[in-house]
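Participant: If you scroll down you'll find the structure; I have some questions about it.
2 protein chains.
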Amino acid sequence: MGTLYLFPTTLGESPLSAVLPEMNTQLMSGIQHFIVEDSRTARRFIRKCLPTVVIDELTFFVLNKHTPPDTISTFLQPLKDGHDMGVLSEAGCPAIADPGADVVAYAQQIGSRVVPLVGPSSIILALMASGFNGQSFAFNGYLPVQLPDKIKALKKYEGRIVHDQQTQIFIETPYRNAKTLADILTNCPPDFRLCIAADITLSTEYIVTDTIKSWKNNIPDLNKRPAIFILYR
Amino acid sequence: MGTLYLFPTTLGESPLSAVLPEMNTQLMSGIQHFIVEDSRTARRFIRKCLPTVVIDELTFFVLNKHTPPDTISTFLQPLKDGHDMGVLSEAGCPAIADPGADVVAYAQQIGSRVVPLVGPSSIILALMASGFNGQSFAFNGYLPVQLPDKIKALKKYEGRIVHDQQTQIFIETPYRNAKTLADILTNCPPDFRLCIAADITLSTEYIVTDTIKSWKNNIPDLNKRPAIFILYR
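From first to last, the protein sequence lines are chains A and B.
First residue of the first sequence: 205, per the working numbering; consecutive thereafter.
First residue of the second sequence: 205, per the working numbering; consecutive thereafter.
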C-alpha cells in the first residue's frame, strides 16, 4: 500500500520559500497521482514547485463538494496498487476547512499511512499573532448568514469564552467581511477583544487585536481580503 | 517600533528543511533580541539555523510559567526602541499551547506589528491526518488528571461532538499517555473514532484513526512519545 501525503499550498501569491519547507517539493517530485480541489490551480501550483515536471504525465482526481461520496474510494485505487499519492487543497492545509477530510478518512479506514506536511494554516497563524489563549481554542468555520442565527451563534461562543476560557475563531467569505464585522461589533460585549487577521502571509498582511469598543471607532477595510476573526476577552 | 516575529521550532530532532520554510532562518539572521522559553535549547536551535552566528552577541529574555507577569512588558523594550525581536517556543508554534501568548498580547497592546511564521503545529498536523471534521474543531489542552474530572470532561466533549459536530483534540504528557488512553477507551462510546498521533514529523511518526472498540484490542505503545488524541464519531 502507498502513502497518502497531504501537501499544503500557499495562501495567495507568496513565494514558496516563505511558507513551505523544502522537503515538500522533494516529496512531491516522487508522486504521479494527486487528489485536488481544482485541477487547473493544482497544475499551476505543482509547476511552481517543480518547474521541469511533465504535468501531462500526472493523474488528477477532483474532490470538491460536488463529488459523490462513493467515488472517493475509487480515487484511492493507485494507493491500493502501491503508489504514493498527494492531496492538495486550494489554499492552505488539506482537510482543514476543506473537503480533503473525506479522502483522508477513507485512507485511514483502509489502513494506509497518512503523512501530513507542514505549511501555512491561516487559523494557527492568526491565533499565534492574536495574543489570545492558545491552550484552549475552537475553530467554528463560518458564522451563520442570517442575523438571528448569527447572534445566537455569537452568544454561544461568548459563553464558551467566559465559562471555558476558550478562544473562538471564525472565517468569513471576503464579500461578507464588512457585514459580519459590523454584526460582531454590535452584538459582542464592548470589553471583549477581537483579533482581525487579513491577507495572512501576503505582503499586505494585517493582524491586529483590539477591544470591541475600540474597533467601533476604527473599522478596517476588509473588502475582498480573506479574513479570520478571533474573539476572546 | 520594531516587529515581533514568532518563530516556530522543530518538534524533536527533525531536519530544519523538513518542517521550516527557508525564509524563517533568513529573517532570524537579522534579529538580535529573543524571547524564549529556555535559553539553552533556544541557543542550540538558533545555532542549528544559523551556523555562523555569534550567539554571545544575542540577548535572551526567558519567558516561562515562573516569569512574573509585570516583567513581560520590560522584555519588549528593544521593540519599543525600534529593534525587531523574535519569540521562540520549546517545540512547535509560539503562543499555541505555550506561554508566548502573554508577550504577544502585550505587543498587540502597544501597537507593534506581530508576524507569525510558518512551522510545525502538532495540533494541525494531527487533525489533517485524522480524517475528522476540519471545519469545526476544538483544542482542549490537557485532560484533567483526576479520574472523576477526566470523565466529566470527556462527557462534555462527547456532547460537543454529537451536538456541534465539533472534533475534539487533547494532548497529554508522555508519561501519562497509557493511563489517559485507557481512560478514553473505557469511557467513550465504542462506535466513536479516536485518532492517536505520536512523534509527529519524526521518523517514528504514527498517526492512526480507528474506532474506540477496535483500539481496545490493539493498544499502541505510547511510552515517552509526545502524543495527541483526537476524538470524533
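A virtual CB, placed ideally from N, CA and C, is assigned to each residue, including glycine.
Measure from the alpha carbon of D260/B to the alpha carbon of each residue in A305/B, H237/B, D387/B and P394/B, then state which is nearest.
Facilitator: The residue you call residue 260/B lines up with position 56 of the second sequence. It is H237/B whose Cα lies nearest to the Cα of D260/B.
Participant: Less than 6 Å between C-beta atoms, sequence neighbours within five positions excluded: which residues of the same chain meet that for T214/A?
Facilitator: Walking along the first sequence from the start, residue 214/A turns up at place 10. Excluding positions up to five away in sequence, the list reads V223.
Participant: Is the CB-CB distance between I404/A and F336/A below 8 Å?
Facilitator: Within the first sequence, residue 404/A is the residue found at index 200, counting from 1. Within the first sequence, residue 336/A is the residue found at index 132, counting from 1. Taking 8 Å as the Cβ cut-off, I404/A and F336/A do not qualify as a contacting pair.
Participant: List the DSSP bridge partners of C392/A.
Facilitator: Within the first sequence, residue 392/A is the residue found at index 188, counting from 1. For C392/A, which the question treats as bridged, DSSP gives no partner whatsoever.
Participant: Flag this pair as yes or no: are the beta carbons of A431/B and A402/B separated by less than 8 Å?
Facilitator: Start at 1 with the first residue of the second sequence, and residue 431/B comes out as number 227. Start at 1 with the first residue of the second sequence, and residue 402/B comes out as number 198. Yes, they are a contact pair.
Participant: Determine the chain A residues that contact G323/B at a beta-carbon separation under 7 Å, and present them in chain order.
Facilitator: Here residue 323/B refers to the residue found at position 119 of the second sequence. What G323/B touches in chain A: V322.
Participant: What are the boundary residues of the alpha helix (DSSP H) that includes Y310/A?
Facilitator: For the purposes of this step, residue 310/A is taken as the residue at position 106 of the first sequence. Element bounds for Y310/A: A305 to Q313.
Participant: So does F279/A have its beta carbon nearer than 7 Å to some heavy atom of the ligand FAD?
Facilitator: This structure does not include the ligand FAD; it has no bound ligands of any sort.
Participant: Where does the unbroken alpha helix (DSSP H) through E320/B begin, and where does it stop?
Facilitator: Here residue 320/B is taken as the residue at index 116 of the second sequence, counted from 1. In the sequence under discussion, the amino acid at residue 320/B is Pro, which differs from the Glu named in the question. Taken as a continuous stretch (DSSP letters only), P320/B belongs to no alpha helix (DSSP H), being part of the beta strand (DSSP E) at R317 to P320.
Participant: Counting Cβ pairs, one atom from each stretch, are 3 or more of them under 8 Å apart for the segment 337 to 351 of chain A and the segment 339 to 348 of chain B?
Facilitator: Touching, per the Cβ criterion.
Participant: Taking 8 Å as the CB-CB limit, is N344/B close to chain A?
Facilitator: Looking up residue 344/B in the second sequence gives position 140. With 8 Å as the cut-off, N344/B counts as an interface residue toward chain A.
Participant: Can you find a C-beta in chain A that's less than 8 Å from the C-beta of V258/B?
Facilitator: Position 54 of the second sequence, counting from 1, holds the residue named residue 258/B. By this cut-off, V258/B is not an interface position.
Participant: Which residues of the segment 281 to 306 of chain B have a Cβ closer than 7 Å to any Cβ of chain A? Give them in chain order.
Facilitator: Of all residues in the segment 281 to 306 of chain B, C297, P298, A299, I300, A301, D302 and A305 have a Cβ within less than 7 Å of some Cβ in chain A.
Participant: Relative to the C-alpha of Q350/A, which residue among I327/A, K383/A and V318/A is closest?
Facilitator: Position 146 of the first sequence holds residue 350/A. Closest option to Q350/A, Cα to Cα, is K383/A.
Participant: Just mark P307/A as buried or exposed, buried being the case when its beta carbon has 16 or more other beta carbons within 10 Å.
Facilitator: Start at 1 with the first residue of the first sequence, and residue 307/A comes out as number 103. First, the amino acid is wrong: residue 307/A is Val here, not Pro. The residue in question, V307/A, is buried, as its Cβ has 16 or more Cβ neighbours within 10 Å.
Participant: Using C-beta distances below 8 Å, list every residue in its chain close to T371/B, excluding the 5 sequence neighbours before and after it, in chain order.
Facilitator: In the second sequence, the residue the question calls residue 371/B occupies position 167. The answer, listed in chain order, is L331, S334, F336, N337, G338, S340, F341, A342, I365, I434, L435 and Y436.
Participant: Are the C-beta of S407/A and some C-beta of chain B separated by less than 8 Å?
Facilitator: For the purposes of this step, residue 407/A is identified with residue 203 of the first sequence, where counting begins at 1. So no, S407/A is outside the interface.
Participant: Under 8 Å between C-beta atoms, does A309/A make it to chain B?
Facilitator: The residue labelled residue 309/A in the question sits at position 105 within the first sequence. Answer yes: the Cβ-Cβ gap between A309/A and chain B drops below 8 Å somewhere.
Participant: Identify which residue in I373/B, N391/B and L426/B has its Cα closest to the Cα of I416/B.
Facilitator: Numbered from 1 along the second sequence, position 212 holds the residue referred to as residue 416/B. When each option's Cα is compared against that of I416/B, the closest is N391/B.
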